[in-house]
Amino acid sequence: MTAVRTALVIGGGVAGPVTAMALRKAGIDATLYEAYPTSADGIGVTLTLAPNGLRALGIIGADEAVRAIGQPMNTTIVTDGYGVLIGETPNPAVEPETLGVWRDELSRVLHEQALAQGVRVEYGKRLVDATETADGITAHFADGSTATGDVLIGADGIRSKVRTLIDPQAPTPTVMPILNFGAASRYVPPAAKLDTMYFSFGKKAFFGYWAQPDGRTAWFANVPDKRPMTYAKANETANTEWMEELREAFAEDVPAREILKQTDAADLVAIGSIESMPKVPHWYRGRMILVGDSVHGPSPSSGQGASMAVESGIQLARCLRDLPDVGSAFAAYEGLRRERVEKIILRGARTTNSKTMGGFAKTMMRIMMPLAMKTFLNPEKTLGPEQRYRIDWDARVTPSARPTASRAA
């Protein structure tokens, strides 16, 4: 049994509240520190929660609340910008189902679940530093306050402050030459099914959408753009200007042009460049460790970012529950997670790269995609095993050999 009794969890997106709930289930008192003044800061649009992620949420009793805000997705249809079918494939026959959710709603629900389970949440707490002693670690926040615990867990996203405290030479996110946008439209394509995700490789950009039961269409757009752009930088441009650019980019594509025509500029979320984390050499140092996007943030194209964050939070809690000291617990956690998440990051990067292809490459993809979807991209052979991953909460974690690149100097 570990000597850890208290944990400071930094970051309140997906990984933070899940990790705090899992730690509490493991008998560790966790407090969540969120930099923003509320749980749902409005950053982000839609995401998919894979069966493995939803199954893991069941361990901490949060799956039903998430199901209530999610929309089951059973099929994926890929078309070109003319609406011509490239390929159609059912999602893997995995229970529970894949869900489409809005990111801010997921954040809200997870915070509500954490509070209901007794997790204390402190808002407006932006971490600036941490100091460690032989028997604890103290977090220093921008408002001048401090907090002390046995361990400090960085669930603070792809631009993690904790990652730089662990290793000042830690890699920064890889910026991909694609801008990411999303919103909801009043227009629903007539043939759109409620259980289907639609992906369209248009003339200039990539468009994804699904029809919602409330009569709206949730959509996202990936537009090639070589300018690196943070969320803050993207929002220096007025939504009306972005909408003009999007409508021009998809002017010849169906049904994207109709969906965009009936989208209010005020509802648009401009996220900036798509980013992912490269291989992170050091997952932990001393009493600090990383979970979620701070250490393994894949491209959104992976469809696994939120699910990987959920899994990691729960696996970390198991390791801290079962192993006698912080070092062995952290090493075991990295051993459980690194190979799995790095494979998914690579797959997501390859998928994102396909969205920047030129005209000839898109033509070849249109010819080859139907065959690929039946063979190389058969979801039962590729996504199926990935989504059937299961965490056995009751199984005891045993010590693992310390990975050679696990600790920062």
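Letter 195 of the sequence shown, counting from 1, is numbered 1245 in the working numbering, and no numbers are missing.
C-beta atoms are modelled at their ideal positions from N, C-alpha and C, and glycine is treated no differently.
From a predicted model like this one, the values you see are computed outputs, not experimental measurements.
| By the 10 Å Cβ neighbour count, where 16 or more other Cβ atoms means buried, how is Y1132 classified, buried or exposed? | exposed
| task | Could you give the DSSP three-state label for T1080: helix, strand or coil? | result | Sequence inspection shows Ala at residue 1080; the Thr mentioned does not correspond to that position. Note: A1080 maps to strand in three-state DSSP.
| task | Give every residue of the same chain whose Cβ lies closer than 8 Å to the Cβ of T1129, excluding the five residues on either side of it in the sequence, and list them in chain order. | result | L1135, I1136, Y1248, F1249, S1250 and F1251
| query | For G1103, which three-state DSSP category applies? | reply | Three-state DSSP puts G1103 in a helix.
| query | Which value, in whole angstroms, describes the spacing of the CA atoms of L1165 and A1445? | reply | Near 27 Å, if we compare the C-alpha coordinates of A1445 and L1165.
| Given S1195, which residues of its chain have a CB within under 8 Å of its CB, disregarding the five upstream and five downstream residues? | K1175
| Which whole-angstrom value describes the C-beta separation of P1221 and P1348, a residue pair presumed to lie in contact below a C-beta threshold of 8 Å? | In fact, because the Cβ distance is near 14 Å, the residues do not count as touching under 8 Å.
| field | Test item: CB-CB of A1359 and V1068 under 8 Å | value | yes
| For T1198 and M1123, the rounded distance between their alpha carbons | Using only the alpha carbons, I get a separation of about 43 Å.
| field | Among V1391, G1232 and R1368, nearest to A1382 - alpha-carbon criterion | value | R1368
| said: Please classify A1241 as buried or exposed, where buried requires at least 16 neighbouring CB atoms within 10 angstroms. | reply: Per the 10 Å Cβ criterion, exposed.
| task | Quick one: grab the DSSP three-state call for T1413. | result | The predicted model places T1413 with a pLDDT of 49, which falls under 50 and marks its position as unreliable; any figure quoted below should be read in that light. Here DSSP, grouped into helix, strand and coil, assigns T1413 to helix.
| Can you tell me whether K1424 is buried or exposed, with buried defined as 16 or more other CB within 10 angstroms of its CB? | Caution is warranted here: a pLDDT of 49 is assigned to K1424, below 50, making its placement in the model unreliable, and no coordinate value can be reported.
| query | Does the Cβ of K1311 have 16 or more other Cβ atoms within 10 Å, making it buried, or fewer, making it exposed? | reply | exposed
| message | Less than 8 Å between the C-beta atoms of G1472 and T1280, yes or no? | response | No statement about residue 1472 is possible, as the shown extent of the chain runs from 1051 to 1459 and does not include it.
| request: Measure from the alpha carbon of G1066 to the alpha carbon of each residue in A1261, S1357, P1227 and V1238, then state which is nearest. | output: S1357
| said: I believe G1120 touches V1151 by the beta-carbon criterion, under 8 Å. Please report the beta-carbon distance rounded to the nearest angstrom. | reply: 5 Å
| task | Return the CA-CA distance between S1362 and R1397, expressed in angstroms with no decimal places. | result | 18 Å
| request: Can you grab the Cα-Cα spacing for the pair V1201 / R1337, in whole Å? | output: 5 Å
| said: Within a Cβ cutoff of 7 Å, which residues of the same chain sit near A1316, ignoring the five residues on either side of it in sequence? | reply: N1289
| query | Which term fits K1283, buried or exposed, when burial requires 16 or more other beta carbons within 10 angstroms of its beta carbon? | reply | Classification of K1283: exposed, given that the 10 Å Cβ count is below 16.
| request: Would you tell me roughly how many angstroms separate the C-alpha atoms of L1160 and A1100, rounded to the nearest one? | output: Taking the straight line joining both Cα atoms gives about 16 Å.
| Buried/exposed call for K1211, threshold 16 Cβ in 10 Å | buried
| field | Backbone secondary structure at H1161 - three-state DSSP | value | helix
| request: Pull up the CB-CB distance for L1296 and A1271, whole angstroms please, since I reckon it's below 8 Å. | output: 6 Å
| request: Quick one: residues in its chain with C-beta nearer than 6 Å to the C-beta of L1433, no 5 flanking neighbours on either side, listed in chain order? | output: P1142
| query | In terms of residue numbering, what span does the beta strand (DSSP E) encompassing A1320 cover? | reply | V1319 to S1326
| field | DSSP state of F1332 mapped onto helix, strand, coil | value | Before going further, note that residue 1332 is His rather than Phe in the sequence given. Coil at H1332, not helix or strand.
| Limits of the beta strand (DSSP E) - the one that I1127 falls within | Where I1127 is concerned, the enclosing beta strand (DSSP E) stretches over T1125 to D1130.
| said: Only counting the same chain, and skipping five residues up and downstream in sequence, which positions put a Cβ closer than 6 Å to that of T1056? | reply: D1079, G1199 and D1200
| Tell me, which residues are paired with H1190 by DSSP? | DSSP, once it has assigned bridges, lists D1179 and T1196 as partnering H1190.
| field | Cross-strand partners of W1292 (DSSP beta bridge) | value | Per DSSP, none; premise fails for W1292.
| request: Kindly indicate which three-state DSSP category I1060 falls into: helix, strand or coil? | output: strand
| said: Nearest by alpha-carbon distance to G1103: which of A1301, T1139 and T1148 is it? | reply: Cα-wise, what sits closest to G1103 is T1148.
| Straight-line CA distance for K1075 to I1110? | 7 Å
| task | Whole angstroms is fine: what's the gap from I1339's alpha carbon to A1299's? | result | 42 Å
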